[in-house]
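Below you'll find the structure, written out as structure tokens, and then a few comments.
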Amino acid sequence: MNPLFPKLLLSFFIVSLAFSCQKPLFPDDDGPAEKADWRLLEFPAERQILGLHATPFQLYAITDNQFFRFNTEDEMVEIREMNMHNGVKGVPAMNDNAFLRLTLNEDNRQILEFQHTRNGQSFVNIPVDSLEKDAGTFVEVEFVSRQLGAFSTDGTSFLLPVKVLPQRHYAFYLFNIQQNTASSAFVSVKPVKRIGIPELDAELNNLKSVRFLNGNYYVASSLGAWRITPAGDIQKIFPQWMLDFFSLKGKLYATGLTTYDLHYSTDNGLNWYRIDQSSQVIYAETADTLLFSEVTLGNPYKLVSEDFKIARDIAFPKEAPTNPSVFYSVVFFAGRYYFSMDRDVYSAARVVTN
Numbered sequence: 104m105n106p107l108f109p110k111l112l113l114s115f116f117i118v119s120l121a122f123s124c125q126k127p128l129f130p131d132d133d134g135p136a137e138k139a140d141w142r143l144l145e146f147p148a149e150r151q152i153l154g155l156h157a158t159p160f161q162l163y164a165i166t167d168n169q170f171f172r173f174n175t176e177d178e179m180v181e182i183r184e185m186n187m188h189n190g191v192k193g194v195p196a197m198n199d200n201a202f203l204r205l206t207l208n209e210d211n212r213q214i215l216e217f218q219h220t221r222n223g224q225s226f227v228n229i230p231v232d233s234l235e236k237d238a239g240t241f242v243e244v245e246f247v248s249r250q251l252g253a254f255s256t257d258g259t260s261f262l263l264p265v266k267v268l269p270q271r272h273y274a275f276y277l278f279n280i281q282q283n284t285a286s287s288a289f290v291s292v293k294p295v296k297r298i299g300i301p302e303l304d305a306e307l308n309n310l311k312s313v314r315f316l317n318g319n320y321y322v323a324s325s326l327g328a329w330r331i332t333p334a335g336d337i338q339k340i341f342p343q344w345m346l347d348f349f350s351l352k353g354k355l356y357a358t359g360l361t362t363y364d365l366h367y368s369t370d371n372g373l374n375w376y377r378i379d380q381s382s383q384v385i386y387a388e389t390a391d392t393l394l395f396s397e398v399t400l401g402n403p404y405k406l407v408s409e410d411f412k413i414a415r416d417i418a419f420p421k422e423a424p425t426n427p428s429v430f431y432s433v434v435f436f437a438g439r440y441y442f443s444m445d446r447d448v449y450s451a452a453r454v455v456t457n
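Note that this note's numbering numbers the sequence shown so that position 211 is 314, with each residue one more than the last.
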């Protein structure tokens, strides 16, 4: 036997062993290289979680009848029981200092409930039918789009979509929100401007999403899209069917009905340019530097590739619900990604795809 053969065989074995232990260069292509460290957030949610919000110091979760706050150690610091009255409608909107929910009173009148996030004794209730001043018209809050509306980043304004009846078109009320110096209680919450869009027909629930991004509001609908400044100035920026807007790494994007309707803006939303490629981003949510997409509200989130071309299934914990309509929120908080799944919230330091 050649004396070099055993040495060559040993060298081949060592090299093979080394390659077998090496992690794949592209783990998302062929399955997860490792399991995510999913962790269940312990709290007594009685109903499906409708939203999460992360501040620099606390995580919020909200349902139809409860509001929760957690610190960076996942410890619950508040559980607030909320009256459901004669019904709760839509997905609440949240900000660091406030949240808005829509309820029906004993006369089935829609009531806007602005509540302070850190002070359950500070709230402002506004009957929706008190907003409209024109004779012969009344308004109803649109509650079947992704959220009831949107707060500005600093929480000093809120944009509320309504249906103007019997004309059947959309309008938007811009609210001014003032708090005390310590930001611990409301001083006033009042509508300061009504922005009507007669061409935006409300007959078939055409409104898709309302966002506040990089200093302005954006409205997406099946009849086009608009940019609204905090002062209430409005500009139509798309004539075609649009679905959503998002901001990632300081850049604005818009998604449309087809896979080739992804657009971007280089001047903070004044002008838009189509990205010449197919994209699987539909309804978007960002968390830290990651982009997630879902086909419709409640569907399991997918992780979007950096080039926006592919949206991959996430390897959720085995205990996750199989109901495809109970995934309502994803946020990044204290170094982890938090997902709402029906009545549970799971977090992971790393998002792994199948």
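Ideal Cβ positions, reconstructed from N, Cα and C, are used throughout, including at glycine. If you're wondering where the values come from, they're calculated on a predicted model, not measured in any experiment.
What three-state label does DSSP hand Val231 in the structure shown? To locate residue 231, count along the sequence shown from 1; it is residue 128. If DSSP states are grouped into helix, strand and coil, Val231 belongs with the helices.
Please classify Lys277 as buried or exposed, where buried requires at least 16 neighbouring CB atoms within 10 angstroms. Numbered from its first residue, the sequence shown carries residue 277 at position 174. Residue 277 is actually Leu in this sequence, not Lys. So Leu277 counts as buried.
For Asp492, the nearest candidate out of Ile337, Phe226, Phe395 (CA to CA): Because the chain spans 104 through 457 in this model, residue 492 falls outside it and cannot be assessed.
Residue environment, Lys405, which counts as buried when at least 16 other CB atoms sit within 10 Å: Translated into the one-based positions of the sequence shown, residue 405 becomes position 302. A residue is called buried when at least 16 other Cβ atoms come within 10 angstroms of its Cβ; Lys405 meets this threshold and is buried.
Using DSSP with H/G/I as helix, E/B as strand and the rest coil, what is Asp199? Taking the first residue of the sequence shown as position 1, residue 199 is located at position 96. Residue state, collapsed to three classes: coil.
Is it right to say Arg271 is buried, meaning 16 or more other beta carbons lie within 10 angstroms of its own, or is it exposed? Residue numbering aside, residue 271 sits at position 168 when the sequence shown is read from its first letter. With fewer than 16 Cβ atoms within 10 Å of its Cβ, Arg271 is classed as exposed.
Unbroken beta strand (DSSP E) run spanning Tyr431, endpoints: Residue numbering aside, residue 431 sits at position 328 when the sequence shown is read from its first letter. Tyr431 -> no beta strand (DSSP E), and no H or E assigned at all.
Sequence-distant residues of its chain with Cβ nearer than 6 Å to Leu393 (five each side left out): The count along the sequence shown starts at 1 and reaches residue 393 at position 290. If we look at Leu393 and ignore the five residues flanking it on each side, it has no Cβ neighbours.
Those runs of the beta strand (DSSP E) which lie wholly inside the stretch 146-192 and span at least 3 residues: Whole beta strand (DSSP E) segments, 3+ residues: 154-157, 162-165, 169-173, 179-184.
From Pro109 to Lys138, what does the alpha carbon distance come to, in whole angstroms? Here residue 109 refers to the residue found at position 6 when the sequence shown is read from its first residue. Here residue 138 refers to the residue found at position 35 when the sequence shown is read from its first residue. Its pLDDT being 47, under 50, Pro109 is placed unreliably in this model, and the coordinates cannot settle the point.
Contact check, Leu144 vs Phe173 under 8 Å by CB: the rounded distance? Residue mapping note: residue 144 aligns to position 41 of the sequence shown, counting from 1. Residue mapping note: residue 173 aligns to position 70 of the sequence shown, counting from 1. Their Cβ separation, rounded to whole angstroms, is 7 Å, which keeps Leu144 and Phe173 in contact under 8 Å.
Same chain, Cβ closer than 6 Å to Phe275, neighbours up to 5 away in sequence not counted: Within the sequence shown, the letter at position 172 stands for residue 275. Residues of the same chain with a CB within less than 6 Å of the CB of Phe275, apart from the 5 flanking positions on each side, are Leu262, Pro264, Ile298 in chain order.
If you reduce the DSSP assignment to three classes, tell me which class Pro427 lands in. Taking the first residue of the sequence shown as position 1, residue 427 is located at position 324. Residue state for Pro427 is assigned as coil, using DSSP reduced to three classes.
Quick check on the burial criterion: 16 or more other C-beta atoms within 10 angstroms. Buried or exposed for Val322? Position 219 of the sequence shown, counting from 1, holds the residue named residue 322. By the neighbour-count criterion, in which 16 or more other beta carbons inside 10 Å mark a residue as buried, Val322 falls on the buried side.
Rank Glu216, Ala437, Thr399, Gln380 by C-alpha distance to the C-alpha of Val429 and give the top, closest one. Taking the first residue of the sequence shown as position 1, residue 429 is located at position 326. Nearest of Glu216, Ala437, Thr399, Gln380 to Val429, Cα basis: Thr399.
Is the Cβ-Cβ distance between Ser260 and Asn279 less than 8 Å? The residue given as residue 260 occupies position 157 in the sequence shown. The residue given as residue 279 occupies position 176 in the sequence shown. Going by C-beta atoms, Ser260 is nearer than 8 Å to Asn279.
Hey, which unbroken runs of the beta strand (DSSP E) at 3 residues or more fall wholly within the stretch 318-358? DSSP assignment within the stretch 318-358 yields the following whole beta strand (DSSP E) runs of 3 residues or more, N-terminal first: 319-324, 327-331, 337-341, 345-351.
For Gln266, which of helix, strand or coil comes out of DSSP? Looking up residue 266 in the sequence shown gives position 163. Correcting the residue identity first, residue 266 is Lys in this sequence and not Gln. Of the three classes helix, strand and coil, the one that applies to Lys266 here is strand, per DSSP.
Short Cβ contact (8 Å threshold) for Leu205 with Phe246: Here the question's residue 205 lines up with position 102 in the sequence shown. Here the question's residue 246 lines up with position 143 in the sequence shown. Yes. Within cutoff.
Can you tell me where the beta strand (DSSP E) holding Asn279 begins and where it ends? Taking the first residue of the sequence shown as position 1, residue 279 is located at position 176. Note, Asn279: beta strand (DSSP E), 272-282.
Assumed close pair Asn186, Asn211 - CB separation to whole angstroms, cut-off 8 Å: To locate residue 186, count along the sequence shown from 1; it is residue 83. To locate residue 211, count along the sequence shown from 1; it is residue 108. About 15 Å separates the two Cβ atoms, so there is no contact after all.
For Leu307, collect the residues of the same chain with a Cβ closer than 8 Å to its Cβ; drop the 5 residues on either side in sequence, then sort them by chain order. Position 204 of the sequence shown, counted from the first residue, corresponds to residue 307. So the list reads Ser325, once near-sequence residues are dropped.
Suppose the cutoff is 6 Å on Cβ atoms and the five residues either side in sequence are ignored; what does the same chain contact list for Phe442 look like? For the purposes of this step, residue 442 is taken as residue 339 along the sequence shown, with counting starting at 1. Excluding residues within five positions, the ones whose Cβ falls inside 6 Å are Val433, Tyr449.
Val180 burial status per 10 Å Cβ neighbour count (16 or more: buried): By one-based count along the sequence shown, residue 180 stands at place 77. Answer is exposed; the Cβ neighbour count stays below 16.
Beta strand (DSSP E) containing Gln218: first to last residue? Locating residue 218 in the sequence shown gives position 115, counting from the first residue. Looking at the DSSP string, the run of the beta strand (DSSP E) that includes Gln218 is 213-219.
Candidates Ile214, Glu209, Pro159, Glu178, of which the one nearest Pro195 by Cα: Here residue 195 corresponds to residue number 92 of the sequence shown, with the count starting at 1. Nearest C-alpha to Pro195: Ile214.
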